[in-house]
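Protein chains: 2
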Amino acid sequence: MAARRATRQISVGGVKIGGRNNPVVVQSMTKSDTRDVARTVAEIKGAEAEGCEIIRSAVPDMAAADALVEIKRQISIPLIADIHFHHELALASIKNGVDGLRLNPGNIRDADKVREVVRAAQRARISIRIGVNFGSLPPVGKIGASGGRRVVDGVNELPTIAEAMLSGRPDAYTVVDHMVATALWEISILEALDFDDIKISLKAFDVPTTVESYRRLATLVPYPFHLGITESGTVRTGSIRSAVGLGVLLYEGIGDTIRVSLAGDCREEVKTGFEILKSLNLRNKGTTLVACPSCGRADIDVLRLTAKVDELLKGRATPIKVAVMGCEVNGPGEAKDADVGIAGGNGRAVIFRKGAKARVVPEAEMLEALMSEVEKAEEALKARA
Amino acid sequence: MAARRATRQISVGGVKIGGRNNPVVVQSMTKSDTRDVARTVAEIKGAEAEGCEIIRSAVPDMAAADALVEIKRQISIPLIADIHFHHELALASIKNGVDGLRLNPGNIRDADKVREVVRAAQRARISIRIGVNFGSLPPVGKIGASGGRRVVDGVNELPTIAEAMLSGRPDAYTVVDHMVATALWEISILEALDFDDIKISLKAFDVPTTVESYRRLATLVPYPFHLGITESGTVRTGSIRSAVGLGVLLYEGIGDTIRVSLAGDCREEVKTGFEILKSLNLRNKGTTLVACPSCGRADIDVLRLTAKVDELLKGRATPIKVAVMGCEVNGPGEAKDADVGIAGGNGRAVIFRKGAKARVVPEAEMLEALMSEVEKAEEALKARA
Chain A
1380 MAARRATRQI SVGGVKIGGR NNPVVVQSMT KSDTRDVART VAEIKGAEAE GCEIIRSAVP
1440 DMAAADALVE IKRQISIPLI ADIHFHHELA LASIKNGVDG LRLNPGNIRD ADKVREVVRA
1500 AQRARISIRI GVNFGSLPPV GKIGASGGRR VVDGVNELPT IAEAMLSGRP DAYTVVDHMV
1560 ATALWEISIL EALDFDDIKI SLKAFDVPTT VESYRRLATL VPYPFHLGIT ESGTVRTGSI
1620 RSAVGLGVLL YEGIGDTIRV SLAGDCREEV KTGFEILKSL NLRNKGTTLV ACPSCGRADI
1680 DVLRLTAKVD ELLKGRATPI KVAVMGCEVN GPGEAKDADV GIAGGNGRAV IFRKGAKARV
1740 VPEAEMLEAL MSEVEKAEEA LKARA
Chain B
1380 MAARRATRQI SVGGVKIGGR NNPVVVQSMT KSDTRDVART VAEIKGAEAE GCEIIRSAVP
1440 DMAAADALVE IKRQISIPLI ADIHFHHELA LASIKNGVDG LRLNPGNIRD ADKVREVVRA
1500 AQRARISIRI GVNFGSLPPV GKIGASGGRR VVDGVNELPT IAEAMLSGRP DAYTVVDHMV
1560 ATALWEISIL EALDFDDIKI SLKAFDVPTT VESYRRLATL VPYPFHLGIT ESGTVRTGSI
1620 RSAVGLGVLL YEGIGDTIRV SLAGDCREEV KTGFEILKSL NLRNKGTTLV ACPSCGRADI
1680 DVLRLTAKVD ELLKGRATPI KVAVMGCEVN GPGEAKDADV GIAGGNGRAV IFRKGAKARV
1740 VPEAEMLEAL MSEVEKAEEA LKARA
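Chains as they are written, first to last, in the working numbering: chain A, 1380 to 1764; chain B, 1380 to 1764.
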């Protein structure tokens, strides 16, 4: 697995993003009407309980911007205002205490208005995410003027839009080129105002488009990246699509914060986010369940046992690895790797602790015995910490 | 995204695996007692209905081997017998008509018995998967004799176990080294018998261990790979872990067939498998749902609408892309990319067909209108095919 890409460190409230040693941060976005403070706060508290580290809310009008004061007062994690088109909503959100903005300067149009927002962000010491989305890319002509060319530190690798269009091979200008050129154009607007407290996202529904866009931009700018696959689907399918896309990038060391966009509860977005990071050992949160998929070799109902253990382990915060095995072939080996393992069969179960047989108990007592060993392992881990 | 790794083509029943142009094949494994023919067949039929292309069943004893005759008679997809330790079970499975074996020659021990199985496989023209699993790796000493060294075509890159252990830096011999060395050792046993109708898996629960093992072996042998993350977890967490691990490898062009190991129903394994492949455009099966995650900007209940659309689209086989959007920002853009899209708000909904506004309908009629456009899109696709 590749080392993390070295990026500039920025902050959103107290949460550091980027740099080499900060963890990859999990964030989410509220789905209720931001003007409905009670529902929005309830959503945020739910996400917080799952470990969400930054939350974002849409600010489509002034009433929503006004609601941020009270929302901010009632929550503990940093709040980002998601703004489109209207600079006065950005100014109001900053005044009302948000910890960050998600805003594409290119869609505010008027240079004076952009300058006003950037100056206010500088005074408030808050960062801005530029969020390029496949679904809302500007027309090629619009970014043609700045050319999407060169932005930082003499980097000058991407052809200008004009060059690509005039090369006689307009087909050579791909969606990925346009995603990256759009990001460079948006970045150039902020940099021209001496603002570089920036993070970037480049989201598409198509995974290869997303991956290639991030890969390319990673070679061109030093800013931290917010990763996401846009409109990825339901909790079931969107989690899989997001895991593939974010997984490929994170494995290459690309990505400083992630948001999994699911047509479902914020809590599910956060859970999936952490599962993705845990699978690459990038975060360590709560129990990790190693679960035998069962087969015709098992002589215990492993699937039912696993479901029960999964239920019992829910919400436990200590990062230990628990293995539920039904198999003489892989059971002992996998149990050896786990902090606590159970391998059942023939009316009894063996409980392992780090590979050592801890107890052999009758099947009827195995759940209780397992959980008692889980608690001991948790105590041991806490004592070491 | 990388081009598919060129591998030797093998067959399991009528299903071709490997080569450059065969699709990545989705397989699963039954969880019921193989001797219970009715339950095992029911499981297989369920998996088949989800698109499962190859099924595997454990054969832990002779009664299970005997059951294969009747199971085989009742199913339509190729059947692989999963064997450990006992060569007579492999021989019986071949006699009873299986289309492939999963068997590690190294754990059969006796060379004559291995030869007997290999000759029977050759006569029956069936392939063998060597399945190396982290949970059941042989002791280092056991494969030390053959050295895990060189196997195919003069490749000689991996140090022998002995060299690594004697180098004074035994720590330099990693789990990945041992996974790969074990695979090479197992392969060498079959190759010594002139058998190369082989595919390989190298599964661990740890994603980086799995990825690095496959990556390394990909440079050393020409055989197709069966990908999997072992004991990856419940349907929820295991799908995410598997998507990350398999996604990274498939993005690099590595992988010819996949099995997602979940502590849940076979059908879930197959669904997750196809979702992983669809997210990388490697397979094209059924509807793909682009789903807005909703935010405070939506003035329609997008999540409820998405859940309803998801339900209505279930089981539809035609590969079309349907977008459910609630947002003026990304809605029209994403709908443009979809075969059919719906973007709702303010009591009405716009239905798109490939970016063109097809209809504007009152909110009460939007589901019916959407599904009627979905059916038209399916017809159009079928007509083109």
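Backbone N, C-alpha and C fix where the C-beta goes; we use that ideal spot for every residue, glycine too.
| message | Taking a contact to mean a Cβ-Cβ separation below 8 Å, would you say proline 1601(A) touches arginine 1387(A) in this structure? | response | In terms of Cβ geometry, proline 1601(A) and arginine 1387(A) form a close pair [threshold 8 Å].
| request: Indicate whether alanine 1443(B) and threonine 1409(B) have their beta-carbon atoms separated by less than 8 Å. | output: The answer is no: Cβ separation not under 8 Å.
| task | Would you identify the three-state DSSP class for lysine 1582(B), choosing helix, strand or coil? | result | DSSP places lysine 1582(B) in the strand class (E or B) of the three-state scheme.
| task | Could you please tell me which residues of the stretch 1586-1619 of chain A, in chain order, have their CB closer than 9 Å to any CB of chain B? | result | Taking a C-beta cut-off of 9 Å against chain B, the contacting residues of the stretch 1586-1619 of chain A are Val1586, Pro1587, Val1590, Glu1591, Ile1608, Thr1609, Glu1610, Ser1611, Gly1612, Thr1613, Val1614, Arg1615, Thr1616, Gly1617, Ser1618, Ile1619, listed in chain order.
| said: Let me see if you follow: with CB-CB separation under 8 Å, is valine 1623(B) close to chain A or not? | reply: With respect to chain A, the C-beta atom of valine 1623(B) has a partner C-beta closer than 8 Å.
| request: Scan the stretch 1613-1656 of chain A and note each continuous alpha helix (DSSP H) run of 4 residues or more that stays entirely inside, going in chain order. | output: Correct list: 1614-1630.
| Segments of 3+ residues assigned as beta strand (DSSP E) that fall wholly inside the stretch 1656-1691 of chain A | Runs of the beta strand (DSSP E) inside the stretch 1656-1691 of chain A: 1667-1670.
| query | When the Cα atoms are used, what is the spatial distance from proline 1441(B) to proline 1457(B)? | reply | Proline is not the amino acid found at residue 1441(B); the sequence shown has methionine there. Whole-angstrom Cα-Cα distance: 20 Å.
| According to a CB-to-CB cut-off of less than 9 Å, which residues of the stretch 1650-1664 of chain B neighbour chain A? | Taking 9 Å as the upper bound on Cβ-Cβ separation, chain A lies near residues Lys1650, Thr1651, Glu1654, Ile1655, Lys1657, Ser1658, Leu1659, Asn1660 of the stretch 1650-1664 of chain B.
| request: Excluding the 5 residues preceding and the 5 following glutamate 1610(A) in the sequence, name in chain order all residues of the same chain whose CB lies nearer than 7 Å to its CB. | output: Answer for glutamate 1610(A): Phe1584, Ser1640, listed in chain order.
| What are the residues of the stretch 1665-1680 of chain A that lie near chain B, defined by any Cβ-Cβ distance shorter than 9 Å? | Of all residues in the stretch 1665-1680 of chain A, only Thr1667, Leu1668, Val1669, Ala1670, Cys1671, Pro1672, Ser1673, Cys1674, Gly1675, Arg1676, Ala1677, Asp1678 come within less than 9 Å of chain B when Cβ atoms are compared, listed by chain position.
| query | Quick one: what does DSSP say leucine 1458(B) is sitting in, helix, strand or coil? | reply | In the structure shown, leucine 1458(B) adopts extended strand secondary structure according to DSSP, grouped into three states.
| field | Whole-angstrom C-beta distance between isoleucine 1730(B) and alanine 1748(B), which should lie under 8 Å | value | That belief holds up - the Cβ atoms of alanine 1748(B) and isoleucine 1730(B) are roughly 5 Å apart, short of 8 Å.
| request: Rounded to whole angstroms, what's the CA-CA distance from proline 1439(A) to proline 1518(A)? Just pull it up for me. | output: Cα to Cα, proline 1439(A) sits roughly 23 Å from proline 1518(A).
| If the cut is a Cβ gap below 9 Å, which residues of chain A does lysine 1410(B) touch? | Neighbours of lysine 1410(B) across chain A, judged by C-beta separation under 9 Å: Pro1672, Ser1673, Cys1674, Gly1675, Ala1677, Val1681, Leu1682.
| Three-pair Cβ contact test at 8 Å for the stretch 1452-1468 of chain B versus the stretch 1479-1499 of chain B | In short, these stretches touch, since the Cβ pair count reaches three.
| field | Rounded C-alpha distance that separates valine 1649(A) from alanine 1421(A) | value | So the alpha carbons of these two residues sit roughly 15 Å apart.
| Cβ-based neighbour list, threonine 1667(A), same chain, cut-off 8 Å, excluding 5 preceding and 5 following | Here the set comprises Lys1657, Pro1698, Ile1699, Lys1700, Val1701.
| message | Taking the alpha-carbon of aspartate 1680(B) as reference, which of Gly1392(B), Ile1433(B), Gly1723(B) has the nearest alpha-carbon? | response | It is Gly1723(B).
| Length of the line joining the Cα atoms of arginine 1615(A) and arginine 1615(B) | Rounded to whole angstroms, arginine 1615(A) to arginine 1615(B) spans 7 Å at the Cα level.
| said: Just to confirm my understanding: we take methionine 1745(B), look at its own chain, exclude 5 residues before and 5 after, and list those with CB closer than 7 Å. What are they? | reply: Leaving aside the five residues that flank methionine 1745(B) on each side, the residues in its chain whose CB is nearer than 7 Å to its CB run, in chain order, Ile1721, Gly1723, Ala1728.
| query | Along chain A, in chain order, which residues have C-beta atoms closer than 8 Å to that of threonine 1685(B)? | reply | Identification of chain A residues near threonine 1685(B) by a Cβ-Cβ cut-off of 8 Å yields Thr1613, Ala1642, ordered along the chain.
| query | Are the Cβ atoms of serine 1673(A) and alanine 1642(B) separated by less than 8 Å? | reply | In this structure, alanine 1642(B) lies closer than 8 Å to serine 1673(A) by Cβ.
| request: Taking 8 Å as the cut-off, decide whether the C-beta atoms of threonine 1613(A) and alanine 1670(B) are in contact. | output: Yes, the Cβ-Cβ distance between threonine 1613(A) and alanine 1670(B) is below 8 Å.
| Is any beta-carbon of chain A found at less than 8 Å from that of alanine 1756(B)? | With 8 Å as the cut-off, alanine 1756(B) does not count as an interface residue toward chain A.
| request: Give the secondary structure of lysine 1424(B) by DSSP, where H, G and I count as helix, E and B as strand, and everything else as coil. | output: Collapsing the DSSP output to three states places lysine 1424(B) in a helix.
| said: Under 8 Å, Cβ to Cβ, is there at least one residue of chain A near glycine 1723(B)? | reply: Taking CB atoms only, glycine 1723(B) has no neighbour in chain A less than 8 Å away.
| Residue environment, glycine 1485(B), which counts as buried when at least 16 other CB atoms sit within 10 Å | Buried, because 16 or more other Cβ atoms sit within 10 Å of the Cβ of glycine 1485(B).
| Using a Cβ cut-off of 7 Å, which residues of the stretch 1427-1447 of chain B contact any Cβ in chain A, in chain order? | Under the 7 Å Cβ criterion, the stretch 1427-1447 of chain B contributes Ser1436, Ala1437, Pro1439, Ala1443.
| task | Please decide whether tyrosine 1630(B) counts as near chain A, where near means a Cβ-Cβ distance under 8 Å. | result | Taking Cβ atoms only, chain A reaches closer than 8 Å to tyrosine 1630(B), which makes this a yes.
| said: Can you look up alanine 1756(A) in the DSSP assignment and give me helix, strand or coil? | reply: Collapsing the DSSP output to three states places alanine 1756(A) in a helix.
| field | Inter-residue spacing [alpha-carbon to alpha-carbon] between phenylalanine 1653(A) and arginine 1646(A) | value | Distance between the alpha carbons of phenylalanine 1653(A) and arginine 1646(A): 11 Å.
| said: Along the chain, where does the alpha helix (DSSP H) containing isoleucine 1450(B) start, and where does it finish? | reply: Isoleucine 1450(B): member of the alpha helix (DSSP H) spanning 1441-1453, first to last residue.
| message | Distance cutoff 8 Å, beta carbons only. Does leucine 1470(B) sit that close to anything in chain A? | response | Not closer than 8 Å to any Cβ of chain A, the Cβ of leucine 1470(B) fails to qualify, so no.
| request: Starting from glycine 1712(B), trace the alpha helix (DSSP H) both ways and give me its first and last residue. | output: Here the alpha helix (DSSP H) through glycine 1712(B) covers 1710-1716.
| Cutoff 8 Å: threonine 1697(B) Cβ touching any chain A Cβ | False, the Cβ-Cβ gap to chain A never drops below 8 Å.
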